Structure formats: C-alpha cells, structure tokens
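Below you'll find the structure, written out as structure tokens, and then a few comments.
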Amino acid sequence: MIYEMPVPSKCPQCGDPLVNEFYEDKTNGSFLLKRCNKRLDHQFQCNLYEDAKFLTSATISLSMNPLVRAAWNFKKGYLEVAKGTIEDLIKSGEDPTRLPFFVPDFSNIKELVKKVKLYTTFS
Ligand SMILES: [Zn+2]
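Using our numbering, you'd call the opening residue of the sequence shown number 436 and step up by one each time.
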C-alpha cells in the first residue's frame, strides 16, 4: 500500500451517495465498486477489496465529451490517464498514459483536474 486513502460515502464532486456494486475478481477476491455515473458533467468511481479499510483505486473524469479519465492506484502507486471508457481502451489496445504518482485531493476536484491536465501536457 503506497497511500491509505479513506473510503468516501458520497461523491466528492456533487455530494450524491455513491452507488455500491459488488464484483468477483478471480485472482484477488471480491471487491466493492462505488460510483457516481448518473451526472452528465462528471464521473467518479473508486473500489476496494473485501475487508479493506482503504481504497485500491479511484477514477475521476478530466472531461466528459470526449471522455478522458484519470485513475489513481493507491496500492501500486501509479496514476494513469486514458481516453474513453475501459471498454474503449480494451478495444483500441492502447495503453493508458502513465503519470508520476501524487496523492489526490478529492475535496477540490477542479484544482485536481487542472493539476492532472498540466502533468499530461508535460508527459
Ligand atoms: Zn458526482
């Protein structure tokens, strides 16, 4: 674990309660996906494994049209930026752009989006 990111109950961007979905991962066990994906202007999602106290990863939208996402992995310590949905990424076979890891401040998403975009410009 690189960083112990607390688990949010509400979307940090709009304050809506996050919708919980359980998934089974054959290698790592079951995990909980929490997300806000009903809004047109942003997406937020995060996940954690069963019995974990902290997040494995979290994803925000940098832009919605076209969709660009930034995803932090707190276990392995990386930050990735990718265009489109995960399904799009699998289809295109493109690798996400990896950026230097930093601890995100989800309480100020506007600033966070700016910061990631700046990193993207220099990568
Ligand atoms: Zn939201």
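Cβ coordinates follow ideal geometry from the N, Cα and C atoms, glycine included.
Keep in mind it's a predicted model, so treat the numbers as computed, not measured.
Assigned exposure category for residue i - 16 Cβ within 10 Å defines buried
| i | result |
| --- | --- |
| F479 | buried |
| N482 | buried |
| V454 | exposed |
| M499 | exposed |
| P447 | buried |
| P539 | buried |
| F557 | exposed |
Near ligand 1: residue i beta-carbon under 7 Å from a heavy atom
| i | result |
| --- | --- |
| F479 | yes |
| R533 | no |
| D530 | no |
| R474 | yes |
| D451 | yes |
Rounded C-alpha distance that separates residue i from residue j
| i | j | result |
| --- | --- | --- |
| E546 | D460 | 33 Å |
| Y458 | G512 | 22 Å |
| A517 | V548 | 14 Å |
| D486 | M440 | 14 Å |
| S527 | E515 | 16 Å |
Where the beta strand (DSSP E) through residue i begins and ends
| i | result |
| --- | --- |
| E459 | V454 to D460 |
| K545 | Counting along the chain, K545 falls outside any beta strand (DSSP E), though it belongs to the alpha helix (DSSP H) covering I544 to F557. |
| S393 | Since the first and last residues shown for the chain are 436 and 558, residue 393 lies out of range. |
| K445 | Premise fails: K445 is in no beta strand (DSSP E) and is neither H nor E. |
Extent of the continuous alpha helix (DSSP H) to which residue i belongs
| i | result |
| --- | --- |
| F489 | Per DSSP, F489 belongs to no alpha helix (DSSP H) and is neither H nor E. |
| K526 | I521 to S527 |
Any C-beta of chain C under 8 Å from that of residue i
| i | result |
| --- | --- |
| G512 | Here chain C cannot be found, since the structure has a single protein chain. |
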